[in-house]
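Structure first, commentary second.
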Amino acid sequence: MVRTKLRSAIILVNEHDEVALIRREKDNLLYYVFPGGGVEFGHTAEETAVREAFEELGVHVELEGVAAHVAFNGELNPYYWARMTGGEFGTGTGEEFQAEQTNGSYTPMWVKRSALSHLPVRPPSLADLLSNEAERFFNKTLAED
Numbered sequence: 001m002v003r004t005k006l007r008s009a010i011i012l013v014n015e016h017d018e019v020a021l022i023r024r025e026k027d028n029l030l031y032y033v034f035p036g037g038g039v040e041f042g043h044t045a046e047e048t049a050v051r052e053a054f055e056e057l058g059v060h061v062e063l064e065g066v067a068a069h070v071a072f073n074g075e076l077n078p079y080y081w082a083r084m085t086g087g088e089f090g091t092g093t094g095e096e097f098q099a100e101q102t103n104g105s106y107t108p109m110w111v112k113r114s115a116l117s118h119l120p121v122r123p124p125s126l127a128d129l130l131s132n133e134a135e136r137f138f139n140k141t142l143a144e145d
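Numbered per full-length UniProt numbering, the sequence shown finishes at 145, counting up by one with no gaps.
Spelled out as structure tokens, the structure:
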């Protein structure tokens with residue numbers, strides 16, 4: 001399925017004030033990303049965020065509003081607050097986890113919110129905002145371009 005340049009992702013926080021991230025090791029680089037992916041033609045950003053949460057984390061989520069739009073690649077990419085409604089964290093079965101995948105490693109993990117600004121999290125503007133804001137925020141616009 002062809003993808004647009006638009007990406008969408010979720011922000012999932014547990015009862016221990018930890019954020020769900022994907023630890024990526026690719027081309028000798030280590031970084032963390034929020035669960036999400038490219039929006040396929042014919043799908044909405046919301047559908048993509050929900051699908052990617054299941055594929056990458058193994059959890060079902062309900063979206064609770066847009067926390068931020070992050071400007072990247074000429075698009076305003078939405079990051080949604082999400083609440084887990086089922087599934088088991090760490091059991092994702094998306095294409096990233098298939099044996100023939102050779103594009104580095106993907107490891108779902110929980111990271112303390114306070115540690116986000118000290119790690120190579122992409123996008124860094126969102127990680128900084130999350131680590132500094134105790135309360136939920138909505139409809140922020142952040143730039144990474």
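Idealized CB from N, CA, C, for every residue including glycine.
Host beta strand (DSSP E) of residue i (start-end)
i	result
Arg-23	18-26
Glu-64	59-72
Leu-142	140-143
Glu-95	Run containing Glu-95: none; DSSP gives neither H nor E here.
Gly-42	Counting along the chain, Gly-42 falls outside any beta strand (DSSP E), and DSSP gives it neither H nor E.
Glu-75	75-87
Ser-105	105-112
Host alpha helix (DSSP H) of residue i (start-end)
i	result
Leu-126	124-132
Beta-carbon proximity check, residue i vs residue j, cutoff 8 Å
i	j	result
Ile-10	Ala-49	yes
Arg-83	Glu-56	no
residue 151	Thr-44	Given that the chain is displayed from residue 1 to residue 145, the structure contains no residue 151 and the question cannot be resolved.
Anticipated Cβ contact below 8 Å, residue i with residue j, distance rounded
i	j	result
Leu-117	Glu-144	Sequence inspection shows Ser at residue 117; the Leu mentioned does not correspond to that position. Wrong, their Cβ atoms sit about 15 Å apart, outside the cutoff.
Leu-21	Val-121	7 Å
Asn-139	Val-66	6 Å
Pro-78	Glu-52	Incorrect: roughly 12 Å between the Cβ atoms, too far for contact.
His-90	Arg-24	As written in the sequence, residue 90 is Gly, which differs from the His given in the question. Not quite, the Cβ-Cβ distance comes to about 15 Å (not below 8 Å), so this is no contact.
Cβ-based burial, residue i [other Cβ within 10 Å; buried from 16]
i	result
Leu-29	exposed
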